[in-house]
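What follows is one structure encoded as structure tokens, with my remarks underneath.
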Amino acid sequence: MTATLDHPHIVTFIGVAWESLSDLCVVLELMEGSDLRSLLYKYQASKRPVGFDKQKISIALNVCQALTYLHSLFPPIIHRDLKSRNVLLDGDMKAKLSDFGIFRERLDRTMTACVGTSLWMAPEVMLGERYDVKADMFSFGVVLSELIKIALGTVQVDFSDSSPRSIVELGRACMRIDPTARPSAAEAMYMLQVIIARME
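First residue of the sequence shown? That's 1139 in my numbering, and the numbers climb one at a time after it.
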């Protein structure tokens, strides 16, 4: 599936290599900046202040751009395991989504399979209820909280009061219990673009 995706904020599929049929390797583009979780650990170790800056908002925007692309396909593609470890960074700190091992096309209206990493998982997914692309938006809200607090996602996600109010409001909106009340990826992308424009 990754081979068919073409977007500047999704890790590029290069090919497949193997020594035997039981030893297959997927070759993806090199991402020199490691992953977002590792970057946040470095921020923690260097006592970088919590809150948002232009680089963090740019990373969030890149993730949202990738989600907007995935969710706009027909049928929409749900990543299903969005978390900071699956956001890779290139040498220029541009973010790209990776680890599409469990993503799938939404072939019917909603799905019920419980997949993903629990700290980032939407309530409806954890409860085995029907879910759609809004499950990814809940996970995006958790990633936003990680960017703000520079802390690993926890059961009770929190946002720093020192962050711009618009960012905190977006994060909380993404994490609403009712999936229909969460913004779409396109709506979140627009909100982030407005925030960046105001910072310039």
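In this text, a Cβ means the ideal position worked out from N, Cα and C, and glycines have one as well. Computed from a prediction, not measured in an experiment: that's the story for all the values here.
- Non-local C-beta neighbours of Ala-1155 in its own chain, meaning closer than 7 Å and more than five positions away in sequence, comprise Cys-1163, Val-1165, ordered along the chain.
- In the displayed model, Val-1165 falls within a strand according to three-state DSSP.
- Contact holds between the segment 1167 to 1184 and the segment 1217 to 1234, because three or more Cβ pairs, one in each stretch, are under 8 Å apart.
- The beta carbon of Leu-1330 sits closer than 8 Å to the beta carbons of Ile-1195, Ala-1198, Leu-1199, Cys-1202, Leu-1308 from its chain, once the five residues preceding and following it are set aside; these are given in chain order.
- For Leu-1226, the enclosing beta strand (DSSP E) begins and ends at 1225 to 1227.
- The Cβ neighbour count for Leu-1178, taken over all protein chains shown within 10 Å, is at least 16; the residue is labelled buried.
- Just so you know, the alpha carbons of Ser-1298 and Ile-1148 end up roughly 29 Å apart.
- The residues Ile-1333, in chain order, have a CB closer than 6 Å to that of Ser-1304 in the same chain once the five nearest residues on each side in sequence are set aside.
- Per DSSP, Val-1271 has no beta bridge partner at all.
- In the DSSP annotation of this structure, the continuous segment of the alpha helix (DSSP H) that includes Val-1332 starts and ends at 1323 to 1337.
- Arg-1218 and Val-1188 have their C-alpha atoms roughly 27 Å apart.
- Of the candidates Ser-1283, Met-1169, Leu-1159, the residue whose Cα lies closest to the Cα of Ser-1301 is Ser-1283.
- Pro-1213 and Ser-1160 have their C-alpha atoms roughly 31 Å apart.
- Secondary structure note for Leu-1177: its alpha helix (DSSP H) is the uninterrupted segment 1174 to 1183.
- The C-beta separation of Asp-1274 from Leu-1205 comes to about 6 Å, placing the pair in contact by the 8 Å criterion.
- Residue range 1233 to 1235 is occupied by the beta strand (DSSP E) that includes Lys-1234.
- Less than 8 Å separates the beta-carbon of Glu-1167 from that of Ile-1152.
- Contact check for Ser-1322 against His-1209 passes: the beta carbons are separated by less than 8 Å.
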